[in-house]
Amino acid sequence: MSKMKLNAKQIALISVFSALQFVISRLPGIPVMGVTEGKIEPQLILMPAIGMILGPWVGGIAAFIGNFIAWLIPDTTFFGMLMLPTVPIGTIVCGALSRRSSRSNWKVAALILAVLNCLWYLSPPGFLVPYYPFLHLSALALILVFRDRIHGFISGNNKRKFIIGVTIASFSGVMANHMMGNLIFIGAVNWFVQLKGIKDALVSLGFSWLKSGLPKNDPTGLGTIFYIFLPIAVVERIIITVIASLICAGIFHALKRSGIIEI
C-alpha cells in the first residue's frame with residue numbers, strides 16, 4: 001500500500017492555512033442553541049479553499065491541525081473537542097470534488113454524504129423530522145448529477161462554470177460539516193443539553209404556535225429542537241456557503257493563475 005508523502009510546498013501550505021484558521025478562529029463564533037459553551041467556528045469559511053487548494057487528504061490534515069490549535073488556545077472545552085472532526089470532514093468533501101484520481105474524486109464525497117445522511121435516519125430524531133436533511137440530500141443529489149463535471153468546472157477556464165463548480169463543492173462541504181456536527185450534537189446531548197428547559201423557554205417566548213407541527217412521540221426532545229431550528233439552520237448554511245464560495249473562488253483563482261497550485 002502506497003504511503004502519502006508530503007513535499008515542501010504542501011507542508012508550507014499546511015502551515016499557512018493552519019495559521020490562517022487560528023487567526024480567523026479569534027473572531028466571534030455563532031452561538032449553538034442549547035449548548036452554553038458551543039459555537040459555530042468562523043474558520044468554517046476557509047474550509048472549501050483549504051480542500052480545493054490542498055486536496056482532500058492534505059487539506060483534511062491542515063483543517064484538523066488548525067482546528068486543534070484553535071481549540072487549545074486560549075482555552076478548551078469538551079464539546080469543542082468533540083466537534084474537531086467537523087471541519088476536516090467538510091474539507092475532505094470539498095477537496096475530493098475538486099480532484100479526479102483513484103483516491104480523490106466525486107465518489108469519495110458522495111460516499112461521505114451518503115453515510116452521514118443514513119446515520120441521520122438511524123439517530124433518535126431521524127424519522128421524527130425526516131425532512132430535516134433536505135439540504136444535505138440536495139448536496140448529495142448535485143454530486144450524483146454532476147459527478148466528474150464538478151472537477152472539470154473547477155479546473156477549466158470558463159469563469160461561469162468555475163463559479164458553479166466552486167459553489168457545488170463549497171455547498172457539499174458545508175452540508176457534510178453541518179450533518180457531522182448534528183450527529184455529534186445528538187450523541188452528546190445527554191451531557192450538555194437540558195432539552196426540556198429549551199422547549200419551555202421557547203414556548204414562553206411565544207413559540208407555542210409551533211406546537212401543532214411538533215413530533216408527537218419525542219421522548220428525547222431532539223425532534224422538537226431540530227424542527228424548531230430548521231429555518232435558522234437553512235438560512236445560516238446558505239449564508240456560509242455564499243461567503244465561503246466567494247472567498248474560495250478568489251483565493252483558488254489567484255493561486256491557480258500564479259502556478260502555485262495545479263489540479
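According to the numbering used here, the sequence shown is numbered sequentially starting from 1. Virtual Cβ for every residue (Gly too), placed ideally from N, Cα, C.
| Asked | Found |
| --- | --- |
| By the DSSP assignment, the alpha helix (DSSP H) with residue 15 in it spans what residues? | 8 to 25 |
| Please list the terminal residues of the continuous alpha helix (DSSP H) segment that includes residue 147. | Residue 147 -> no alpha helix (DSSP H), and no H or E assigned at all. |
| To the nearest angstrom, how far is the alpha carbon of residue 20 from that of residue 228? | 34 Å |
| To the nearest angstrom, how far is it from the Cα of residue 210 to the Cα of residue 84? | Its pLDDT being 47, under 50, residue 210 is placed unreliably in this model, and the value from its coordinates should be taken loosely. Computed Cα separation, rounded: 33 Å. |
| With 16 other CB atoms within 10 Å as the buried threshold, where does residue 174 fall? | buried |
| If you check the beta carbons only, do residue 92 and residue 59 fall under 9 Å apart? | yes |
| Would you check if there are 3 or more beta carbon pairs closer than 8 Å linking the stretch 93 to 103 to the stretch 118 to 129? | no |
| Label residue 132 either buried or exposed according to how many other C-beta atoms from any shown protein chain fall within 10 Å of its C-beta, with 16 as the threshold for buried. | buried |
| Tell whether a beta-carbon distance below 9 Å holds between residue 153 and residue 73. | no |
| Closest to residue 223 by C-alpha separation, out of 186, 102, 177, would be which residue? | 186 |
| Only counting the same chain, and skipping five residues up and downstream in sequence, which positions put a Cβ closer than 7 Å to that of residue 170? | 48, 94, 241, 244, 245, 248 |
| When the Cα atoms are used, what is the spatial distance from residue 102 to residue 108? | 10 Å |
| Buried or exposed: where does residue 250 fall if 16 or more other Cβ atoms within 10 Å of its Cβ makes it buried? | exposed |
| Return yes when the Cβ of residue 42 is within less than 9 Å of the Cβ of residue 54, no when it is not. | no |
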